[in-house]
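Trainee: The sequence shown begins at 131 in the working numbering and counts up one residue at a time.
Note that beta-carbon positions come from the ideal geometry of N, C-alpha and C, so glycine has one too.
No experiment lies behind these values; they were computed from the predicted model shown.
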Amino acid sequence: MSILSHRIENLQESATIMMAKLSRELKAKGIKVIDLSLGEPDFDTPLHIQEAAKKAIDEHYFKYMPVSGYLDLRQYISEKFQRDNHLHYAPEQIVVSTGAKQSLVNVILSLVNPGDEVIIPAPYWVSYAAMVQLAEGVIVEIPTTIAQDFKISPQQLEAAITPRSKVLLYSSPCNPTGSVYSEQELHALAKVLAKHPQIIVVSDEIYEYINFTDKHASMAAFEEVKDRVVTVNGLSKGFAMTGWRLGYMGAPLAIAKACDKMQGQFTSGTCSISQRAAIAALTGTMEPTYAMRDAFERRRDLVLEQLGTIEGMILNKPEGAFYVFPDVRAFIGKSYEGTIIENVDDLCMFLLNDAHVSLVSGAAFGDSSCVRLSYAASENDLREATKRIKQYLEMLR
Ligand code: PMP
Ligand code: GLU
Numbered sequence: 131m132s133i134l135s136h137r138i139e140n141l142q143e144s145a146t147i148m149m150a151k152l153s154r155e156l157k158a159k160g161i162k163v164i165d166l167s168l169g170e171p172d173f174d175t176p177l178h179i180q181e182a183a184k185k186a187i188d189e190h191y192f193k194y195m196p197v198s199g200y201l202d203l204r205q206y207i208s209e210k211f212q213r214d215n216h217l218h219y220a221p222e223q224i225v226v227s228t229g230a231k232q233s234l235v236n237v238i239l240s241l242v243n244p245g246d247e248v249i250i251p252a253p254y255w256v257s258y259a260a261m262v263q264l265a266e267g268v269i270v271e272i273p274t275t276i277a278q279d280f281k282i283s284p285q286q287l288e289a290a291i292t293p294r295s296k297v298l299l300y301s302s303p304c305n306p307t308g309s310v311y312s313e314q315e316l317h318a319l320a321k322v323l324a325k326h327p328q329i330i331v332v333s334d335e336i337y338e339y340i341n342f343t344d345k346h347a348s349m350a351a352f353e354e355v356k357d358r359v360v361t362v363n364g365l366s367k368g369f370a371m372t373g374w375r376l377g378y379m380g381a382p383l384a385i386a387k388a389c390d391k392m393q394g395q396f397t398s399g400t401c402s403i404s405q406r407a408a409i410a411a412l413t414g415t416m417e418p419t420y421a422m423r424d425a426f427e428r429r430r431d432l433v434l435e436q437l438g439t440i441e442g443m444i445l446n447k448p449e450g451a452f453y454v455f456p457d458v459r460a461f462i463g464k465s466y467e468g469t470i471i472e473n474v475d476d477l478c479m480f481l482l483n484d485a486h487v488s489l490v491s492g493a494a495f496g497d498s499s500c501v502r503l504s505y506a507a508s509e510n511d512l513r514e515a516t517k518r519i520k521q522y523l524e525m526l527r
């Protein structure tokens, strides 16, 4: 009998983190793997943010702080919501956490009772499903296809809602598809939600600044739903600060207080130095962020151009984040050196072990027809990786 709890025994390992681990292991053996599995900017954190962190050490920010984060940081986040998104979250409605990942788990564990339904448009980010499972909620997936740009329609949302629906959870720009909901599209969803006041919306906007359309839209901006939207964001992606572990949410007061209580038992406030650095990120120049966004857009175009030459692969044009999510079902059932590729997991392992390119299986994101490629890598690596993908896929018979 296992010494571990059912809770952890039943939990899947994060597929993104697992693929990154496997490629690290191959690299340690001297194999030149190009890792396009982990969604992590390859840029350095901008210098003015690094300087603010050094200053925080010099100024001895070494002690525990309020669980939800320093008050001045929460004031700056409140101003950021107002300035960039026209959202009104007072400082006491803001909770700063150890990454947006913790913000999301705080909110799911604070809202979901066993049996409550959490509506998640698929494909979705891997950890959403695991978090709902930990809360013993029931996942209600709304499937989408590449033909609809992986975005749900108002009719699909309406059809998924039941009296047990508690939360709608999605990201825009979306991980893993890169799809971006326009203001009109989100508003149409808000109008559906207006008829179902029991549903809390959790809007994950961590890729806000990696958006190639002219506008980022937030669900909390709509009058119909604004009092029941939790907006999650963080510094990892837009400021290339994955290792600093700083995420935050704006939430209705009761939910913010619940998350503060949860976090007070689990981790307390996040790293003091990262919090001081976050002030520099939120109030300083956005030029480095815009430069990174432009670089990501060029890389997206490069990857689409290269993958577009592979017969059988179906692509759409992602408008944000740094992922492409091609439909690869044409390759399933084919074989390589006598071994059949039974599913997308097999396809990813084949590309990792033979082509030495690490991608993530779409199955982990709720779509078994696709694979995810993160183009947060240098143009040289992207050229080489897409060349290898093409070469190996064309070898399948
Ligand atoms: N949401 C989405 C959609 C993500 O892709 C990620 C991964 N970075 C996170 C949340 C969590 O980010 P972090 O914990 O680094 O802030
Ligand atoms: N969010 C990133 C990804 O999807 C980082 C890994 C993770 O936290 O899952 O690859």
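Is it right to say Pro244 is buried, meaning 16 or more other beta carbons lie within 10 angstroms of its own, or is it exposed?
Mentor: exposed
Trainee: Check Thr469 in the structure and name its three-state DSSP category.
Mentor: strand
Trainee: State yes or no: is the C-beta of Tyr206 within less than 8 Å of the C-beta of Thr413?
Mentor: Yes. Within cutoff.
Trainee: What does the alpha-carbon distance come out to for the pair Gly394 and Thr228?
Mentor: The alpha-carbon atoms of Gly394 and Thr228 are separated by roughly 12 Å.
Trainee: What do you get for Gly438, buried or exposed, if any count of 16 or more other CB atoms within 10 angstroms of its CB means buried?
Mentor: exposed
Trainee: Flag this pair as yes or no: are the beta carbons of Ala381 and Gln212 separated by less than 8 Å?
Mentor: no
Trainee: Per DSSP, which one or two residues make a beta bridge with Ile361?
Mentor: Note on identity: in this sequence residue 361 is Thr, with Ile being the wrong assignment. Paired residue(s): Ser333 and Gly380.
Trainee: Any heavy atom of the ligand PMP inside 7 Å of the beta-carbon of Gly308?
Mentor: Gly308: no, Cβ never under 7 Å from the ligand PMP.
Trainee: Quick one: what's got a C-beta closer than 6 Å to Asp457's C-beta in the same chain, skipping five residues either side?
Mentor: Ile276, Ile444, Ser499 and Cys500
Trainee: Measure the beta-carbon distance from Ser312 to Tyr337 and round it to whole angstroms, keeping in mind my assumption that it falls under 8 Å.
Mentor: No, Ser312 and Tyr337 are not in contact; Cβ-Cβ is about 15 Å, not under 8 Å.
Trainee: Could you name the residues of the same chain whose beta carbon sits closer than 6 Å to that of Val225, not counting the 5 residues immediately before and after it, in chain order?
Mentor: Ser198, Met379, Ala386, Cys389 and Asp390
Trainee: Out of Met422, Asn215 and Arg513, which has the shortest C-alpha to C-alpha gap to Leu434?
Mentor: Arg513
Trainee: Can you tell which of Ala347, Ser404 and Pro306 has its C-alpha closest to the C-alpha of Phe452?
Mentor: Comparing Cα positions, the closest option is Pro306.
Trainee: Terminal residues of the continuous alpha helix (DSSP H) containing Val474?
Mentor: Val474 to Phe480
Trainee: What is the DSSP secondary structure of Ser488, counted as helix, strand or coil?
Mentor: strand
Trainee: Could you say which of Leu217, Ala252, Ala183 and Pro293 lies nearest to Ala351 if we only look at CA atoms?
Mentor: Leu217
Trainee: Can you tell me whether DSSP reads Ser348 as helix, strand or coil?
Mentor: Of the three classes helix, strand and coil, the one that applies to Ser348 here is coil, per DSSP.
Trainee: Return the chain-ordered ranges of every beta strand (DSSP E) run that is complete within the segment 184 to 240 and spans a minimum of 3 residues.
Mentor: 224 to 227
Trainee: Quick one: grab the DSSP three-state call for Ala318.
Mentor: helix
Trainee: Pick helix, strand or coil for Cys304, following the three-state DSSP scheme.
Mentor: coil
Trainee: Closest by CA to Arg429, which one among Leu264, Leu319 and Gly450?
Mentor: Gly450
Trainee: Would you call the segment 408 to 423 and the segment 162 to 178 touching, i.e. three or more CB-CB distances under 8 Å?
Mentor: yes
Trainee: Counting pairs of beta carbons, one from the segment 465 to 475 and one from the segment 324 to 339, are three or more of them closer than 8 Å?
Mentor: No, the segment 465 to 475 is not in contact with the segment 324 to 339.
Trainee: In the DSSP assignment, find the alpha helix (DSSP H) that holds Glu288 and state where it starts and stops.
Mentor: Glu288: member of the alpha helix (DSSP H) spanning Pro284 to Ala290, first to last residue.
Trainee: Tell me the residue span of the beta strand (DSSP E) that contains Val262.
Mentor: That residue, Val262, is in no beta strand (DSSP E); its alpha helix (DSSP H) goes Val256 to Leu264.
Trainee: DSSP three-state call for Leu445: helix, strand or coil?
Mentor: coil
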